[in-house]
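S.K.:
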Amino acid sequence: MPVYFLGKRSRDFMLIRPRFSLLIVLIFVHLAHSQSKPVDAEGHQWWQHAVFYEIYPRSFADSNGDGIGDLNGINSKLDYLKSLGVDAIWITPCFPSPQVDFGYDVSDYENIDPVYGTLGDFSKLEKNGKQHGIRIILDFVINHTSDQHKWFVNSRSSRTAAKRDWYIWRDGNGSQPPNNWVSIFGGPAWTFDARTAQFYYHYFYPQQPDLNWRNPAVHDAMMNVSRWWYKRGVAGFRLDAVDALFEDPQLRDNPVLPGVNKYGDPNEENKYNDKLPEVHDVLRDLRKVADKSGAVLIGETWTKDVAELKQYYGEHSNELQMPMDLMFTELKFSASSFRQHIATVDASGGWPVYVISNHDIVRSYNRYGDGQHNDAIAKVIASLYLTLRGTAIMYYGEELGMENNDPVRKEDVKDPKGRLGWPLDIGRDGERTPMQWNTSPNAGFTAGKPWLPVPASYKTHNVESEQKDPSSILSVYRQVLALRHQNRALLDGDYIALNENDTNVLSYLRRYNNEAVLVVLNMSAQPQQISFDLTAQGFPTKIAHTLMTTMNLDSKNVSLTEISLEPFSVYIGALSR
Ligand code: GLC
Ligand code: CA
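Residue numbering for the sequence shown follows this note's numbering, starting at 53 and increasing by one per position.
(1) Inspect the CB distances between the segment 170-186 and the segment 115-130 and report whether three or more fall short of 8 Å.
(2) What's the gap between the Cα of residue 216 and the Cα of residue 184?
(3) For a test of the three-state rule: what should DSSP assign to residue 575, helix, strand or coil?
(4) With a threshold of 7 Å on Cβ separation, who are the neighbours of residue 395 within its own chain once the five nearest residues in sequence on each side are excluded?
(5) With a threshold of 8 Å on Cβ separation, who are the neighbours of residue 594 within its own chain once the five nearest residues in sequence on each side are excluded?
(6) Once you ignore the five residues that flank residue 277 on each side, which residues in its own chain have a CB closer than 6 Å to its CB?
(7) Return the bridge partner residues of residue 104 from the DSSP annotation.
(8) Have a look at 95, 236 and 197 and flag the residue whose alpha-carbon is nearest the alpha-carbon of residue 630.
(9) Among 294, 471, 566 and 380, which has the Cα closest to the Cα of residue 192?
(10) Distance, Cα to Cα, residue 413 vs residue 575?
(11) So, at 6 Å on beta carbons, what are the nonlocal neighbours of residue 609 in its own chain, with the 5 sequence-adjacent residues on each side left out?
(12) Which same chain residues, not among the five before or five after residue 393, have their C-beta less than 6 Å away from its C-beta?
(13) In this structure, how does DSSP classify residue 343 when only helix, strand and coil are distinguished?
(14) How about residue 194 and residue 274: are their beta carbons less than 8 Å apart?
(15) Whether or not the segment 113-121 and the segment 499-512 are in contact is what I'm after, with contact meaning three or more pairs of Cβ atoms, one per stretch, closer than 8 Å; do they touch?
(16) Just checking, does the segment 357-367 make contact with the segment 329-349 on the three C-beta pairs under 8 Å criterion?
(17) Among all the DSSP beta bridges, which residues are the ones paired with residue 597?
(18) Can we count residue 122 as close to ligand 2, meaning its CB is less than 7 Å from some heavy atom?
(19) Mind listing, in chain order, the residues whose beta carbon lies closer than 6 Å to a non-hydrogen atom of ligand 1?
(20) Helix, strand or coil for residue 242? Go by DSSP, reduced to three states.
(21) Pair every Cβ in the segment 558-566 with every Cβ in the segment 529-544, then say whether three or more of these pairs are closer than 8 Å.
(22) How should residue 308 be labelled, buried or exposed, when 16 other C-beta atoms within 10 angstroms of its C-beta is the threshold for buried?
(23) Are the CB atoms of residue 155 and residue 123 within a distance shorter than 8 Å?
(24) For residue 147 and residue 256, what's the separation of their Cα atoms in angstroms?
(25) Any heavy atom of ligand 2 closer than 7 Å to the Cβ of residue 127?
(26) Buried or exposed: which applies to residue 145, given that a residue is buried once 16 or more other Cβ atoms fall within 10 Å of its Cβ?
(27) Taking 7 Å as the cut-off, does the CB of residue 149 come closer than this to any heavy atom belonging to ligand 2?
(28) Which value, in whole angstroms, describes the spacing of the CA atoms of residue 495 and residue 410?
(29) Assess contact between the segment 261-272 and the segment 483-495, defined as three or more Cβ pairs (one per stretch) separated by less than 8 Å. Is contact present?
(30) With a threshold of 7 Å (Cβ to nearest heavy atom), would residue 118 be considered close to ligand 4?
(31) Given a threshold of 16 other Cβ atoms within 10 Å of its Cβ, counted over all protein chains shown, does residue 65 qualify as buried or as exposed?
(32) At a cut-off of 7 Å, is residue 389 close to ligand 2 when judged by its beta-carbon and the heavy atoms of the ligand?
(33) Is the distance from the Cβ of residue 537 to the Cβ of residue 453 below 8 Å?
(34) Look up residue 405 in the DSSP assignment and give the residues it is bridged to.
(35) Can you find a heavy atom of ligand 2 that lies under 7 Å from the Cβ of residue 173?
(36) Any heavy atom of ligand 2 closer than 7 Å to the Cβ of residue 632?
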């Protein structure tokens, strides 16, 4: 079209200019919304069909031998991630940071920490990601900054500093903090700053002062940070610690509960500094900005029940598209507890977001493992969260059956809260150890000395070895992820619970029109016999066609009237009418 216009005489050009600019506007609007186009007949968005994968950049792949993973390291592993079946990676904070909380103390939101690379490396990763069909999600730490951020440096410089009110400063009660709030990482949530003789507030470490979200300038600055990254091709954010954004303006004392916590502080109910209703105003505003770029917002949403989780989607689905169901990580490994929880989540109306692990909690291999059947259990849990209706977020190394490698001596602990809480809270080092790539020293993660030690299990649980073994945990992940991408019923089908009184075997259908997939998970250490009559669900067939199983079955079909299950085993089959 523009070529055609160029051939016109200038008088004509003047006449058609308004139409031309309209065209340009339309092209831009189209581009802006192209990411939010539905990917199927159900109107689902890309993130509803995608599999997300959390990368702790310090620990994924080290490209320059300093013992710390980096962006170039991640870039070198995109082929692996693609072949695994990953569509988006969430990189935990890689911005400039003093690394007190390993990146969750950000000192500049619009740059990359030299330890992880440069903005140029980020662009390379983003471009290469695009070629691989892998989108980049960054971790947006909006509750607090580092105490080294220039905003805080200014804020603490004097009571009349331009950015004084960007943080939460108060006079003490004499020499005591303004109220009884305690930091969730131990000690008081207030630190006295002698220069201006006031206390500042921090929900986390003292090096992580809370931003004052009641100040419109803070609000605008953070919205702009999100715009800045969208322009650089970021497909969305995982929003850190959203519950903690607001504090009671009157700073009332929290109710004190009996006993003390792992750090020796009195237990309290975070009534006045957690989950205040204003959080939702901020989420709506971040969403408006995200929508302009077709981006997705994922939330670190620790909730007590599904009703609370539901609030994060927003009353008009105008807050987070993907609030994480972290309650899922707290369930007991039993058919009944999963069945009950999944039913409630699935019926709640929001698009479910299932997670089994992350950089703050003990790895699922240790949490669910019984010490005897850990590999089999890891395959059961993979087959569960990757076949449910909803989006799954993996944590690096779960696909290998990586286990925690916890420090045994206080002096080895890197996570500050582990030193403060030792030995009751040993910190989070154990779940953050280097990715296990092969059997070479340090599991192929680094040519130098890794920042955290690799567990001995890397000899058997690593990408290279598991790739060669068709029955490895990695092979199960690959198969289930491949199915999940191709199978209409797994992508879009309803979740229908089956045999609901069975306390050992969790079974369900994913049903889409005339197609259905049957998922059967023996969550017990005993062999089980099970049978299905799926007439009421619209599938009077007596046969399932095997799609994936962890058992040695000699036939491609199984009879629904009699399926024999090995202990901790998986059967996934297709049904037809
Ligand atoms: C979130 C992060 C955690 C971090 C904390 C403070 O909970 O997941 O790793 O320490 O926020 O930013
Ligand atoms: Ca490095």
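Glycine included, C-beta positions come from ideal geometry on N, C-alpha and C.
Keep in mind it's a predicted model, so treat the numbers as computed, not measured.
M.R.: In terms of the structure at hand:
(1) By the Cβ criterion, the segment 170-186 is in contact with the segment 115-130, since at least three pairs of Cβ atoms, one from each stretch, lie closer than 8 Å.
(2) Along the sequence shown, one-based indexing puts residue 216 at 164. Along the sequence shown, one-based indexing puts residue 184 at 132. Pairing residue 216 with residue 184, the inter-Cα distance amounts to about 45 Å.
(3) Here residue 575 is taken as the residue at index 523 of the sequence shown, counted from 1. It is coil, neither helix nor strand.
(4) As a first step, residue 395 is located in the sequence shown; it is residue number 343 there, counting from the start. The residues are 549.
(5) Position 542 of the sequence shown, counting from 1, holds the residue named residue 594. Closer than 8 Å at the Cβ level, and outside the excluded window around residue 594, lie 611, 612 and 613.
(6) Stepping through the sequence shown from its first residue, residue 277 is reached at position 225. 161.
(7) As a position in the sequence shown, residue 104 is number 52, starting the count at 1. DSSP, once it has assigned bridges, lists 140 and 445 as partnering residue 104.
(8) Nothing can be reported for residue 630, as the shown portion of the chain is limited to 53 through 629.
(9) For this step, residue 192 is matched to residue 140 along the sequence shown. For residue 192, the nearest C-alpha among the options comes from 294.
(10) Counting from one through the sequence shown, the residue named residue 413 turns up at place 361. Counting from one through the sequence shown, the residue named residue 575 turns up at place 523. Between residue 413 and residue 575, the C-alpha separation is close to 22 Å.
(11) On the sequence shown, residue 609 is found 557 positions in, with the first residue counted as 1. Once the five neighbours on either side are set aside, the close Cβ partners of residue 609 are 595 and 597.
(12) As a working note, residue 393 is residue 341 in the sequence shown. Taken in chain order, the residues that qualify are 383.
(13) Taking the first residue of the sequence shown as position 1, residue 343 is located at position 291. Residue state, collapsed to three classes: helix.
(14) By one-based count along the sequence shown, residue 194 stands at place 142. By one-based count along the sequence shown, residue 274 stands at place 222. Contact flag set, yes.
(15) Yes, the segment 499-512 is in contact with the segment 113-121.
(16) The way I'd put it, the segment 357-367 does touch the segment 329-349; three or more beta-carbon pairs between them come closer than 8 Å.
(17) For the purposes of this step, residue 597 is taken as the residue at position 545 of the sequence shown. For residue 597, which the question treats as bridged, DSSP gives the partners 609 and 626.
(18) Here the question's residue 122 lines up with position 70 in the sequence shown. Indeed, a heavy atom of ligand 2 lies less than 7 Å from the Cβ.
(19) In chain order, the hits are 153, 156, 193, 256, 292, 293, 352, 411 and 412.
(20) If you number the sequence shown from 1, residue 242 lands on position 190. Residue state, collapsed to three classes: strand.
(21) Output reads yes: the segment 529-544 touches the segment 558-566.
(22) For the purposes of this step, residue 308 is identified with residue 256 of the sequence shown, where counting begins at 1. Answer is exposed; the Cβ neighbour count stays below 16.
(23) Here residue 123 refers to the residue found at position 71 when the sequence shown is read from its first residue. Here residue 155 refers to the residue found at position 103 when the sequence shown is read from its first residue. No; because the gap between Cβ atoms is not below 8 Å, this pair is not in contact.
(24) Here residue 147 refers to the residue found at position 95 when the sequence shown is read from its first residue. Here residue 256 refers to the residue found at position 204 when the sequence shown is read from its first residue. Distance between residue 147 and residue 256, taken at the CA atoms: about 18 Å.
(25) By one-based count along the sequence shown, residue 127 stands at place 75. Flag unset: Cβ of residue 127 not near ligand 2.
(26) Taking the first residue of the sequence shown as 1, we reach residue 145 at position 93. Around the beta carbon of residue 145, 16 or more other beta carbons lie within 10 angstroms, which makes this residue buried.
(27) For the purposes of this step, residue 149 is identified with residue 97 of the sequence shown, where counting begins at 1. Outside the cutoff, so no.
(28) Your numbering for residue 495 matches position 443 in the sequence shown. Your numbering for residue 410 matches position 358 in the sequence shown. Using only the alpha carbons, I get a separation of about 20 Å.
(29) Too few Cβ pairs lie closer than 8 Å, so no.
(30) The model on display carries ligand 1 and ligand 2 but not ligand 4.
(31) Mapped onto the sequence shown, residue 65 falls at position 13. Confidence is the limiting factor: at residue 65 the pLDDT is only 38, short of 50, which leaves the residue's position unreliable and the question unanswerable from this model.
(32) What you label residue 389 is simply residue 337 of the sequence shown in a count that begins at 1. Because no heavy atom of ligand 2 lies under 7 Å away, the Cβ of residue 389 does not count as near it: no.
(33) Position 485 of the sequence shown holds residue 537. Position 401 of the sequence shown holds residue 453. Not a contact, by the Cβ cut-off of 8 Å.
(34) Within the sequence shown, numbered from 1, the residue matching residue 405 stands at position 353. BP columns for residue 405 point to 443.
(35) Taking the first residue of the sequence shown as 1, we reach residue 173 at position 121. Distance from the C-beta of residue 173 to the nearest heavy atom of ligand 2 is not below 7 Å.
(36) There is simply no residue 632 to check, as the chain begins at 53 and stops at 629 in what is shown.
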